[in-house]
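Comments concern the structure below.
2 protein chains.
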Amino acid sequence: ATSVVVIGLGRFGGALATELVRSGTEVLGVDTNEDTVQSLNGVLTHVVRADSTRQAALDQLGVADFDRIVVGIGSDIQASILTASLLKRMGVRSIWAKAISEQHGLILEQLGVDHVIYPEADMGRRVAHLVRGSMLDYVEFDRDLVVAKTIAPREIIGKTLEEAAVRRKHGITIVKIKGADGVWHAAGAASVVNEGDTLIVIGPVERTERFAALR
Amino acid sequence: ATSVVVIGLGRFGGALATELVRSGTEVLGVDTNEDTVQSLNGVLTHVVRADSTRQAALDQLGVADFDRIVVGIGSDIQASILTASLLKRMGVRSIWAKAISEQHGLILEQLGVDHVIYPEADMGRRVAHLVRGSMLDYVEFDRDLVVAKTIAPREIIGKTLEEAAVRRKHGITIVKIKGADGVWHAAGAASVVNEGDTLIVIGPVERTERFAALR
Ligand SMILES: Nc1ncnc2c1ncn2[C@@H]1O[C@H](COP(=O)(O)OP(=O)(O)OP(=O)(O)O)[C@@H](O)[C@H]1O
Ligand SMILES: Nc1ncnc2c1ncn2[C@@H]1O[C@H](COP(=O)(O)OP(=O)(O)OP(=O)(O)O)[C@@H](O)[C@H]1O
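Below, the structure is given as C-alpha cells:
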C-alpha cells in the first residue's frame, strides 16, 4: 500500500504508524488526544486531531479514498466498534483493527473487519515460550510451525550439519547461522557450527523447543 | 523453567501465564484485581490476590524461591517499577517485565531487569509490514533478518526451487512450503511450488518484502 490511515496512535497504533513511515509508506494519523497528535507532527506524513466516531470527521479527512485503514483504538471498545462500523459503511476495503478481548474481536469480525489483531495476547503467548525455555526468540507461523532463535547446542558444534544430522535426529531444520563475524550465513549441508553461534531454526513446536533447550 | 510467577494478569500477563500452563510450566499468578484472580482460578496452577508493591506480600508468597518472574504491570508505571525494585533486592535471578514506553523500559533496565518487553510497540512494528505489503505474517529476528509467510508468486510456480533460482534471483531463501494438503514440507532443491502454495521465507528486510510483494 502506498498510503494508510492510522486511527488511534497509542502504543500500538503509534508504533505501527511510525514504522510505516520508516518503511516508505505515507501515513495519515488521526487521534483525539492533542499531545499525541503534536508528538507525531513531523514524524507522520500528516497528523490530525479528530474523533473517528464522527462521520463528518471521517468524510472531511477523505478517509474513504485510502485503501488501507488501521484502527488502533483499544481500551475504548465503543469507539473502536463505532469507528469500524462507520468505515465499513463508507466502503473502506481493507481494515485492520486492534481488539483487547475475544468478545471485542468477534464483534469487529462480525462487522466485517478483515484483520483483527490482539497485540498484548499475541506477545504474551510468544514471550511465554522465551520465559519457560532458553530461546532468544520464538514465533508461531502456523499451528504447529515455529521459528526460533537459539544458541548452538554442544552436540552439533564442530561438525557439518550433514554430519550432525539435525533434521533426522531432532526433527527441526537449521535455516541460518550467525558466527563470531556477526553475519547471518545460509545453513547448508556443509555448514559447520561453532561454539557460541546463534541459529535460526524451524520446526514443530515441541521439537523446536526441545532442540533449543539443549545446552 | 519449571515454575514461574506472573505478577499482573492483564491482557499481556494473563495470556503469558495461560500459555505457560498450556505448555506444561507451573504458574503462580498474582494480581490486585479480584475479578481477574477469580477468572484465572483453576486455569493457572495457583492465583493469589496480592499487591506486588508490598514486600510483605512478596515474602508471604515465597516469590524469592522462583527462578523466573514476569511483571506484566503496564499502565501503572509506578507499581511496575516498585515491584521490579523489590524483586531485584530479593535476589530474584531472572526477571521479565513489560514496559509501556522507552522511559519506563530504561528505568527497568537500570534496576537490573534482564528482559524488558514492549508488547504493543513490537506488534505495531510487525503489523505495519503486513499492512503495507501482502505478507500473511512477518517477524524480525535480527536487525536485517526477517521471516515472512506469503503466497507463492507466479514466477516460481511449476518449477523446482533449483530452476527458479530463488536465492540467486531474489536474495531470499524459501524454507518451508505448504501445499493443498495443508502440510508443511521442507523446501529443497527439487521441491516444486504450485499455485496457491504458502511459503515461509527468510532473508534481509527489503529483499523479503519485495519477494513477498510479487504477485
Ligand atoms: N474516537 C477516537 N478517535 C480518534 N482517536 C481515538 C479515539 N478514541 C481513542 N483514540 C485514541 O486511540 C489511542 C489508543 O487508544 P486507547 O488508549 O484507548 O487504547 P489502548 O489499547 O490502551 O492502546 P495502546 O495500548 O495501543 O496504547 C489513544 O491515543 C486515544 O487517544
Ligand atoms: N501492584 C500490583 N500488584 C499486582 N497486580 C497489579 C498491580 N498493579 C496492577 N496490577 C495488575 O496488573 C494488570 C495489568 O496492569 P495494567 O492494566 O496497569 O497494565 P496494561 O499495560 O494496561 O496491561 P495489559 O495491556 O497487558 O492488559 C492488571 O490486571 C492489574 O490489576
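Here the protein sequences line up with chains A and B, keeping their order. Sequential numbering from 1 applies to the first sequence in my numbering. Sequential numbering from 1001 applies to the second sequence in my numbering. The beta carbon of each residue, even a glycine, is placed where N, CA and C say it ideally should be. Computed from a predicted model, the values in this text were never measured in an experiment.
Per-residue contacts from residue i into chain A (C-beta, under 7 Å)
i: MET1090(B); result: Neighbours of MET1090(B) on chain A: none; closest Cβ ~18 Å, over 7 Å.
i: PHE1012(B); result: GLU120, MET123, GLY124
i: ASP1031(B); result: In chain order: nothing, as chain A lies at least about 14 Å away.
i: ALA1015(B); result: GLU120, ALA121, GLY124, ARG125
i: ALA1001(B); result: VAL131, ARG132
i: ALA1186(B); result: THR173
i: ILE1081(B); result: Result: empty, since nearest Cβ-Cβ is about 17 Å, beyond 7 Å.
i: ASP1137(B); result: PHE141
Start-to-end residues for the alpha helix (DSSP H) that takes in residue i
i: VAL37(A); result: 34-40
i: GLU1162(B); result: 1161-1164
i: ARG89(A); result: 77-89
Closer than 8 Å at the beta carbon, the chain B residues around residue i
i: HIS129(A); result: GLU1019, SER1023
i: LYS149(A); result: PHE1141, ASP1142
i: VAL4(A); result: VAL1131, ARG1132
i: ILE7(A); result: Chain B residues near ILE7(A): none, gap ~13 Å exceeds 8 Å.
i: LEU145(A); result: LYS1176, TRP1184, ILE1200
CB-CB length for residue i against residue j, believed under 8 Å
i: VAL27(A); j: VAL63(A); result: Between VAL63(A) and VAL27(A) the Cβ distance is about 13 Å, and since that is not below 8 Å, they are no contact.
i: LEU161(A); j: ALA187(A); result: 6 Å
i: ALA1084(B); j: ILE1095(B); result: 6 Å
i: LEU61(A); j: VAL37(A); result: Rounded, the Cβ-Cβ distance is 13 Å, inconsistent with contact.
i: GLU1120(B); j: PRO119(A); result: 5 Å
i: VAL1166(B); j: VAL147(A); result: The pair is not a contact, with the Cβ atoms about 18 Å apart (cut-off 8 Å).
i: LYS88(A); j: LEU58(A); result: Not confirmed; about 12 Å, so no contact.
i: VAL116(A); j: ILE157(A); result: Not a contact, Cβ separation roughly 44 Å.
i: LEU1016(B); j: GLY124(A); result: 4 Å
i: ILE1073(B); j: SER1080(B); result: 4 Å
i: THR1198(B); j: LYS1159(B); result: Contact doesn't hold; Cβ gap of about 17 Å is too wide.
Simplified DSSP state of residue i, which is helix, strand or coil
i: PHE12(A); result: helix
i: ILE107(A); result: helix
i: VAL1127(B); result: helix
i: ILE1117(B); result: strand
i: ALA1186(B); result: strand
i: VAL1070(B); result: strand
i: THR1053(B); result: coil
i: LEU44(A); result: strand
i: ILE157(A); result: strand
i: ASP1065(B); result: helix
i: LEU1136(B); result: coil
i: ASP1181(B); result: coil
i: GLU195(A); result: coil
Contacts of residue i in chain A (Cβ-Cβ under 9 Å)
i: ARG1068(B); result: VAL131, ARG132
i: ASP1181(B); result: Result: empty, since nearest Cβ-Cβ is about 13 Å, beyond 9 Å.
Residue range of the beta strand (DSSP E) that includes residue i
i: LEU145(A); result: 145-151
i: VAL201(A); result: 198-203
i: ALA1097(B); result: 1094-1098
i: THR1173(B); result: 1173-1178
i: LEU1214(B); result: Counting along the chain, LEU1214(B) falls outside any beta strand (DSSP E), and DSSP gives it neither H nor E.
i: SER101(A); result: SER101(A) -> no beta strand (DSSP E), and no H or E assigned at all.
i: ALA1029(B); result: Inspection of the sequence shows that residue 1029(B) is occupied by Gly rather than by Ala. Counting along the chain, the beta strand (DSSP E) containing GLY1029(B) begins and ends at 1026-1031.
i: SER1003(B); result: 1003-1007
Proximity test, residue i beta-carbon vs ligand 4 heavy atom, cut-off 6 Å
i: GLU155(A); result: This structure lacks ligand 4; its bound ligands are ligand 1 and ligand 2.
Listed by chain order, chain D residues near residue i by CB distance under 8 Å
i: LYS1169(B); result: Absent from the structure: chain D. Protein chains present are A and B.
Interface partners of residue i on chain A, CB under 8 Å
i: ILE1100(B); result: ARG11
i: ILE1117(B); result: MET123, VAL127
Within chain B, the residues that residue i reaches when beta carbons sit closer than 9 Å
i: LEU61(A); result: Ordered by position in chain B, no residue passes the 9 Å Cβ test against LEU61(A), which lies about 18 Å from the chain.
request  = For ligand 2, list every residue whose C-beta falls under 6 Å from any of its heavy atoms, going in chain order.
outcome  = Qualifying residues come out as GLU120(A), ILE1007(B), GLY1008(B), LEU1009(B), GLY1010(B), ARG1011(B), PHE1012(B), GLY1013(B), VAL1030(B), ASP1031(B), THR1032(B), ASN1033(B), THR1036(B), ASP1051(B), SER1052(B), THR1053(B), GLY1072(B), ILE1073(B), GLY1074(B), SER1075(B), ASP1076(B), ALA1079(B), ILE1100(B).
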